[in-house]
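Below you'll find the structure, written out as structure tokens, and then a few comments.
Residue numbers (our numbering), protein chains in the order written: chain A, 1032 to 1489; chain B, 15 to 425.
Structural data, given as structure tokens:
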């Protein structure tokens, strides 16, 4: 009996010692705080980047990974409040793109098959009764359309549904949408990332041409077709938004417009045709795989006459045109699309160097206005223009993941070449947190990037 | 009890992934061993000292590592800890003198020895889904050095020794690949390989006075060449052609070691002494971790990650004293600098400055048998770095408890 007790005591002693020994070393936990800011009621104003669009679609899952939602989750750790979004039902939502297969073409270039998944028939059901919403991002909205009462209900506007489903009345302007929400919620903090579409709508349609609605892709006649918003109109509209946004003296962040020409939407297809030692864009010959075939496109030359020109470095071919280049059953039958002077690329498929210059000039002007408004109102400006250019030029290494702006493999951009992936939005959210931490002397924890995947492959 | 012993973490101490637990007598005094003939383990600590080791001896020892490492990711506040696994640095030494020591012939001053020991090792695994999983999930490195040795005591003042080292290394690394499939599940990569290399271990022991001895020994760098490494990639099916399970080659240079020690004896029987020792490991050879693939993986012909390690130094002080007829007690302390510079610390080798101490004893129940026991405590200094290559910022902290047991029998 004595021996047994001794043994038990020794055993218990040994176990306790070992338990104590296997305690992990203490590292002092960082103290997180909100600094001078107050995140009780957050409002985010913006377009599809703010709404959470990925791969040309909106799903419940994407909305969970929108940068406003990621920010709200991090703000909650320093006293932030609830964040309501206009949720689409769980499932396929508005039908984003998906990779169905990847094959290699004759010359060993990866050639993915990308198609939209079937839309959920209830994705556009009106959810205005579930408001008010903290996330006021509406895909497709621009400062140009701020006071346009027929924007939401216009059947020719592919984005109208996004506003139609979140407002009780169909002829609500985006301005009224924002104002009524600000009145309801009285935000203590806001993020404003608006103005992207004032340049992107023009750039994404190859310089302001009709999308292929009627089989016509060469018609350009403002105001029916997208055009670059003038700096004056941009500033007037932005000030109008700030006036209502700053009514109750919230803190917030303004965000600059990215260089849309740095997007894979512009560069992914174009870079296929870069040939060493040549300024001309040249397609690979299917048999020799040499870069030898020039590309032709329609554009207005210096005299304003529509002419067929050879594509050069500095001209960009948009992503969707990539599926058709070389096809002999597209545009002019019997001739390879884009590879023959008699079957040149449509105006809408190319953002030529003149159109690029006009776009970049506008973006630089918009960003200067945003920075001026920032200093005027003592609001920090998150320079996403600079961040995305850095990403495109240098890439980014984060938690052992290399991220860059390449299409498909870069991890940052989704399948539409314009909107980020979950991982891209998480990186954006962390950059915004850095800006807020600096300006408002806060210490908000970053989101864990590794929880957010990039492009998903079958 | 055994289960609890198994539920312990492993650790690597000293710079990089060097393990310094080669002799149980030495372990009891912070791994002091270069300036004094310890027994058969002098094969490792100083082949020169072997010249003064009498008789035929065989010794064996093992030091199970119980260690803990915590990692804090400061930006998100996430903390992780290494998972439990067990590593057992071990050593086996043999030495013999060829002639009778009484005869004072040249032959009697000659010694032969053999050592098998594990100078480098690492067995770390983190939870599979931790924040650093794209850097490492688990790594397992084992090395064995086999060292036949010859020593010659020129006279009572100087003894020289040298051994030929044959080294074997084997490793496996597991990490996640940030390529998700349609269920959002990451890819996986596993690299494994083994190889060998050769080197030497030479030393000299000088006894200018009966009370003082100075020892210097040098183990050459060991280049382990791996020619037929294996890769195993698990990725979404559509990108599988980009990740062939190709072979790879790699060459890892294990650093050279210079040990310099001075000992002062308190009595003429040379049983009670105090010694100071400095170890330098030439980690400057470890500039990058590089694997050259036979076929391109993800468009790359090779994977190279900078390490840019620097030489590391360990400063030791320790000693022993005879307590009773058959009991010797020991104690020691050490300070060990880190080899990895700020740019290049990685979670698979959380290299930091370390300090610690040990106690030990030798109990001789019968005249020719030594039972050596030791217990070492190692404390890592907390270190925060951002790895410039992977963009991974972490704060590392750790400690280790290393019991040891060994036996030496003299014929």
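Quick reminder that beta carbons are idealized off the backbone N, C-alpha and C, glycines included.
**Asked** Using a C-beta cutoff of 8 Å, does residue 1085 of chain A count as contacting chain B?
**Response** no
**Message:** With three or more C-beta pairs closer than 8 Å as the rule, is the stretch 149-166 of chain B touching the stretch 122-139 of chain B?
**Reply:** yes
**Message:** Counting C-beta neighbours from all protein chains within 10 Å, is the total for residue 1065 of chain A 16 or more, i.e. buried, or is it exposed?
**Reply:** buried
**Request:** Measuring only between beta-carbons, confirm whether residue 89 of chain B sits less than 8 Å from chain A.
**Result:** yes
**Request:** Taking 8 Å as the cut-off, decide whether the C-beta atoms of residue 409 of chain B and residue 1432 of chain A are in contact.
**Result:** no
**Prompt:** So which residues of chain B does residue 1094 of chain A contact, with C-beta pairs closer than 8 Å?
**Reply:** In chain order: nothing, as chain B lies at least about 16 Å away.
**Item:** Residues that DSSP places opposite residue 294 of chain B in a beta bridge
**Value:** B/272, B/327
**Message:** Taking DSSP's pairing of strands, which residues face residue 1313 of chain A in a bridge?
**Reply:** A/1325
**Request:** Closer than 7 Å by beta-carbon distance: list the chain B residues that pair up with residue 1295 of chain A, in chain order.
**Result:** Under the 7 Å cutoff, chain B gives no residues; its nearest Cβ is about 17 Å from residue 1295 of chain A.
**Asked** Checking contacts by CB at 8 Å: is residue 1417 of chain A closer than that to chain B?
**Response** no
**Request:** Quick one: residues in its chain with C-beta nearer than 6 Å to the C-beta of residue 1413 of chain A, no 5 flanking neighbours on either side, listed in chain order?
**Result:** 1284, 1286, 1463, 1466
**Asked** In chain order, what residues of the stretch 185-200 of chain B put their CB closer than 7 Å to some CB of chain A?
**Response** 192, 193, 194, 195, 196, 198
**Message:** Quick check: what's the CA-CA separation for residue 1334 of chain A versus residue 1348 of chain A?
**Reply:** 23 Å
**Message:** Less than 8 Å between CB atoms is the rule here; does residue 1488 of chain A satisfy it with respect to chain B?
**Reply:** yes
**Item:** Minimum length 3: unbroken beta strand (DSSP E) runs contained in the stretch 1323-1383 of chain A
**Value:** 1327-1331, 1337-1341
**Item:** Rounded straight-line distance, which links the Cα of residue 1220 of chain A to that of residue 1101 of chain A
**Value:** 15 Å
**Asked** How big is the Cα-Cα spacing for residue 24 of chain B and residue 313 of chain B?
**Response** Any reading at residue 24 of chain B needs caution, since the residue's pLDDT is 30, under 50, leaving its predicted position unreliable; the model's value is listed next. Those two C-alpha atoms are separated by around 36 Å.
**Request:** Taking all protein chains shown into account, decide if residue 1329 of chain A is buried (16 or more other Cβ within 10 angstroms of its Cβ) or exposed.
**Result:** buried
**Asked** How many angstroms separate the CA atom of residue 95 of chain B from the CA atom of residue 83 of chain B?
**Response** 6 Å
**Prompt:** For residue 1091 of chain A, which residues does DSSP report across the bridge?
**Reply:** Looking at the DSSP assignment, residue 1091 of chain A forms no beta bridge with any residue, so it has no partner.
**Item:** Contact set between residue 403 of chain B and chain A, taken where Cβ atoms lie within less than 8 Å
**Value:** 1428
**Request:** Using only alpha-carbon positions, find the residue among A/1457, A/1426, A/1488 that is nearest to residue 1417 of chain A.
**Result:** A/1426
**Item:** Amino acids of chain B, ordered along the chain, whose beta-carbon sits closer than 7 Å to that of residue 1201 of chain A
**Value:** Those within 7 Å of residue 1201 of chain A in chain B number zero; the least Cβ separation is about 37 Å.
**Request:** Ignore the nearest five residues each way along the sequence and tell me which others in residue 362 of chain B's own chain have a CB closer than 8 Å to its CB.
**Result:** 136, 138, 149, 150, 153, 187
**Message:** In chain order, what are the residue ranges of uninterrupted alpha helix (DSSP H) at least 4 long that sit wholly in the stretch 1406-1444 of chain A?
**Reply:** 1415-1425
**Item:** Helix, strand or coil at residue 415 of chain B according to DSSP, with G and I counted as helix
**Value:** strand
**Prompt:** So what does residue 1124 of chain A bridge to, in DSSP terms?
**Reply:** None; residue 1124 of chain A has no bridge partner.
**Whole-Å CB distance - residue 176 of chain B paired with residue 269 of chain B, under 8 Å assumed** = 19 Å between Cβ atoms; not a contact.
**Asked** Taking just the CA atoms, how far does residue 37 of chain B sit from residue 333 of chain B?
**Response** 14 Å
**Message:** What would DSSP say about residue 185 of chain B, mapped onto helix, strand or coil?
**Reply:** strand
**Prompt:** Can you list, in chain order, the stretches of the alpha helix (DSSP H) that have 4 or more residues and sit fully within the stretch 1148-1219 of chain A?
**Reply:** 1191-1195, 1205-1216
**Asked** Relative to the alpha-carbon of residue 1313 of chain A, which residue among A/1320, A/1256, A/1305 has its alpha-carbon at the smallest distance?
**Response** A/1305
**Request:** Could you tell me whether the Cβ of residue 1485 of chain A comes closer than 8 Å to any Cβ of chain B?
**Result:** yes
**Prompt:** CB residue 1460 of chain A to CB residue 1436 of chain A, shorter than 8 Å?
**Reply:** no
**CB contact check: residue 1364 of chain A to chain B, cutoff 8 Å** = no
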